[in-house]
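In this note's numbering, the protein residues as written are -16 to 199.
Here's the structure, in structure tokens; my notes come after.
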Ligand code: GAR
């Protein structure tokens, strides 16, 4: 493996493992987009496990319907973030997951978790980062009055919503849009770019220069 000056290349993906671990907290529509892309053959990957921090997350039913193993790890059962994240890492490692995909997983991850999967954790965020990080990015964008909104897939680093950007897509904000209609438009983008970005990262012909994600 050849490393550039930042020490990060996509070559780690060349172990041929395309096993995904998907972390969710809610309805799981982005998970469904991954399931659909795998089924359609447009995403060459296997979803090895879906882990939720919420017992009733709708995405768990989507996973079960697709025959994917599910795990519920409720953070309320752990004394600290470190303890919870350690349990998450153990579940993912047990299934030999090579890429972790956050899909509406509404928890901050500790630096130790990020270190356990260096440059192997992706997140989808419903805004054009670096604008509007944090909760409900779509609402923040709508309230701010932006004319263009969108979605971002990025590599997860210890800093919230701040890692190298793998993919973005945009949509016009109309005067008639409400927070809900804008969120719905952004969700369509999310479902398109997340499976695509996962494929790019798994293919492995990428590198990071500074904070720029560059693929061949
Ligand atoms: C998505 O809109 C995703 O971008 C957002 O949560 C929603 C999950 O929907 N994630 C974040 O805001 C992360 N900061 P889903 O459960 O239907 O995929």
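Just so you know, even glycine gets a beta-carbon here, dropped at the ideal spot from N, CA and C.
Keep in mind that this is a model prediction, so the values were computed, not measured.
Around the CB of residue 173, 16 or more other CB atoms lie within 10 Å, so the residue is classed as buried. Three or more Cβ pairs closer than 8 Å define a contact, and the segment 9 to 26 meets that threshold against the segment 34 to 45. For residue 118, the Cβ falls inside the 8 Å cut-off from some heavy atom of the ligand GAR.
Residue environment: residue 68 is assigned as buried (16 or more neighbouring CB atoms within 10 Å of its CB, all protein chains considered). Shown here, residue 149 sits in a strand according to DSSP, grouped into three states.
Listed in chain order, the non-local C-beta contacts of residue 148 below 7 Å within the same chain comprise 112, 135, 137 and 196, local neighbours out to five positions each way being set aside.
Excluding its 5 nearest sequence neighbours in each direction, residue 150 has C-beta neighbours in its own chain below 7 Å: 136, 176, 179 and 180, listed in chain order.
DSSP, reduced to helix, strand and coil, places residue 7 within a strand of the structure shown. Of 82, 81, 79 and 104, the smallest CA-CA separation from residue 91 is found for 104.
Around the C-beta of residue 185, 16 or more other C-beta atoms lie within 10 Å, and the residue is accordingly described as buried.
Take residue 51, set aside five residues on each side of it, and the residues of its chain with a beta-carbon closer than 6 Å to its own are 30 and 33, in chain order. Judged by DSSP secondary structure, residue 198 falls within the beta strand (DSSP E) whose first and last residues are 195 to 198. The shortest CA-to-CA distance from residue 145 to any of 106, 166 and 132 is the one to 106. Of the heavy atoms belonging to the ligand GAR, none sits nearer than 8 Å to the Cβ of residue 95. Collapsing the DSSP output to three states places residue 173 in a helix.
In this structure, 108 is the residue among 108, 77 and 159 with its C-alpha nearest to the C-alpha of residue 133. Taking non-hydrogen atoms of the ligand GAR into account, the C-beta of residue 108 is found less than 8 Å away from one of them.
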